[in-house]
């Protein structure tokens with residue numbers, strides 16, 4: 046499990062299950078409330094588009110096929 050916290054948002058990634066979770070306090074950081082609107086599919090689509098824009102598509106596929114290459 047990898048966890049990163051910055052600016053009131055905690056993102057956790059479970060490497061074994063592939064689950065990405067987000068935690069924040071809605072009252073103090075309402076700017077993150079849009080995250081609640083994501084479905085699994087819309088989040089995955091957004092991440093794929095972002096990865097494509099960064100030009101990391103080949104790297105992501107390569108590490109998905111062989112996690113030791115991370």
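Residue numbers (the numbering used here): 46 to 115. Where is the CB? At the ideal position from N, CA and C, for every residue including glycine.
- In this structure residue 100 is not in contact with residue 73, their Cβ atoms being roughly 35 Å apart against a cut-off of 8 Å.
- One Cα belongs to residue 50, the other to residue 76, and the distance between them is close to 15 Å.
- Residue 97 has its alpha-carbon roughly 19 Å from the corresponding atom of residue 65.
- Shown here, residue 67 sits in a strand according to DSSP, grouped into three states.
- Nearest Cα to residue 59 within the set 70, 67, 68 and 46: 46.
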